[in-house]
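Asker:
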Amino acid sequence: AQKVTQAQTEISVVEKEDVTLDCVYETRDTTYYLFWYKQPPSGELVFLIRRNSFDEQNEISGRYSWNFQKSTSSFNFTITASQVVDSAVYFCALRRSGGGADGLTFGKGTHLIIQP
Amino acid sequence: AAGVIQSPRHLIKEKRETATLKCYPIPRHDTVYWYQQGPGQDPQFLISFYEKMQSDKGSIPDRFSAQQFSDYHSELNMSSLELGDSALYFCASSLAGEMLEQYFGPGTRLTVT
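Those protein sequences? They're chains U and P, same order as listed. Residue numbers for the first sequence follow my numbering, so the first one is 4 and each next one is one higher. Residue numbers for the second sequence follow my numbering, so the first one is 14 and each next one is one higher.
(1) Report the option in U:Val88, U:Asp32 and U:Asp105 whose CA atom is closest to the CA atom of Gln42 of chain U.
(2) What residue ranges within the region 62 to 89 of chain U form continuous beta strand (DSSP E) runs of no fewer than 3 residues, ordered along the chain?
(3) Under 7 Å, do Asp105 of chain U and Asp69 of chain P count as touching if we go by C-beta distance?
(4) Determine whether the Cβ of Phe82 of chain P lies closer than 7 Å to any Cβ atom of chain U.
(5) Counting only Cβ pairs nearer than 7 Å, list the residues of chain P close to Arg53 of chain U.
(6) Can you round the beta-carbon distance between Leu37 of chain U and Leu97 of chain U to whole angstroms, since I take them to be within the 8 Å contact cut?
(7) Name the two residues that bound the continuous beta strand (DSSP E) containing Arg54 of chain U.
(8) Can you grab the Cα-Cα spacing for the pair Gln5 of chain U / Thr108 of chain U, in whole Å?
(9) Expressed to the nearest angstrom, what Euclidean distance is found between the alpha-carbon atoms of His4 of chain P and Phe103 of chain P?
(10) Starting from the beta carbon of Asp1 of chain U, find every residue of chain P whose beta carbon is closer than 8 Å, and list them in chain order.
(11) Does the separation of the CB atoms of Gln9 of chain U and Thr113 of chain U fall below 7 Å?
(12) Would you give the residue range spanned by the beta strand (DSSP E) that Asp69 of chain P belongs to?
(13) Considering only residues of the same chain and omitting the five flanking positions on each side of Asp75 of chain P, which have a CB-CB separation below 8 Å?
(14) Taking a cut of 9 Å between CB atoms, which residues from the region 31 to 55 of chain U lie near chain P?
(15) As a quick exercise: from U:Tyr28, U:Thr34 and U:Leu51, pick the residue whose alpha carbon is nearest that of Asp58 of chain U.
(16) Please state the DSSP three-state secondary structure of Leu24 of chain P.
(17) Against chain P, which members of the region 81 to 98 of chain U pass a CB distance test of less than 7 Å?
(18) Comparing the C-beta of Lys111 of chain U with each C-beta of chain P, is any distance below 7 Å?
(19) Please list the partners that Phe58 of chain P has in chain U, where partner means a Cβ-to-Cβ separation under 9 Å.
(20) Does any C-beta atom of chain U lie closer than 7 Å to the C-beta of Leu55 of chain P?
(21) Counting C-beta neighbours from all protein chains within 10 Å, is the total for Gln57 of chain P 16 or more, i.e. buried, or is it exposed?
(22) With a threshold of 7 Å between beta carbons, is Thr44 of chain P in contact with chain U?
(23) Output the boundary residues of the beta strand (DSSP E) element that contains His114 of chain U.
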């Protein structure tokens, strides 16, 4: 069985601070995929990034960066110089490599509040 | 760019009624997924279809059924609605393959009274 744990239920920081959202996963698969999605107050789910289990390169996209460490089964997400518009619920998700249309297993989400 | 379309966006039903939710995937996407998100909860995978065939099944109640049609749109049919079915229902689409992400629609908010 697969499991995604986001231990931080809610994080509140002041604008321009850096913030890291933690994600720890469990899977028996040797090949799998990890994702981060953002859900703003408007409710839609916005895809942010996908990482394959065989690619442990970290990635930076503007103010966003992701740290994938297979040894600790973690896929953490850092926002640098946070902005009020970053306020949202962020979900980490896991998908097995089954060759079909496998569903995502989501963590419980981290509610990020950026105060002006 | 075209996105996933879901209709209706809001739906109010009474207990024991039936509801049908529709999903139109991004053009050229052949795979559709359905998720249910209760208030304050994470999305839960219900079911997926690839090329009109059921591909994966999650925690979908027996009262729910779904199908994908020849034009790749999908419908989620929900019968004998219960109060606990009140949730945001997302449809997502992707192109078949190992490495492609799922793009979500705006969701249908179902309220059962």
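No residue lacks a Cβ here, since even glycine has one placed at the ideal position from N, Cα and C.
Answerer: By the coordinates alone:
(1) U:Val88
(2) Counting only runs that start and end inside the region 62 to 89 of chain U, the beta strand (DSSP E) elements of at least 3 residues fall at 62 to 64, 67 to 72 and 77 to 82.
(3) yes
(4) no
(5) Taking a Cβ-Cβ cut-off of 7 Å, the neighbours of Arg53 of chain U in chain P comprise Glu114, given in sequence order.
(6) 6 Å
(7) Val49 to Asn55
(8) 7 Å
(9) It is not possible to answer for residue 4 of chain P, since the shown part of chain P is limited to 14 through 126.
(10) Coverage of chain U is limited to positions 4 through 119, which leaves residue 1 of chain U absent and any answer about it impossible.
(11) Yes, the Cβ-Cβ distance between Gln9 of chain U and Thr113 of chain U is below 7 Å.
(12) Met66 to Lys70
(13) none
(14) In summary, the residues of the region 31 to 55 of chain U whose CB is separated from some CB of chain P by less than 9 Å are Thr34, Tyr36, Phe38, Tyr40, Gln42, Ser45, Gly46, Glu47, Leu48, Val49, Phe50, Ile52, Arg53 and Asn55, in the order they occur in the chain.
(15) If we check each option's Cα against that of Asp58 of chain U, U:Thr34 comes out closest.
(16) strand
(17) Residues Phe94.
(18) It does; some Cβ of chain P falls within 7 Å.
(19) Near Phe58 of chain P (Cβ distances below 9 Å), the residues of chain U are Asp105, Gly106, Leu107, Thr108 and Phe109.
(20) The identity of residue 55 of chain P in the sequence shown is Asp, whereas the question assumes Leu. At least one chain U Cβ lies under 7 Å of Asp55 of chain P.
(21) buried
(22) yes
(23) Its beta strand (DSSP E) spans residues Thr113 to Gln118.
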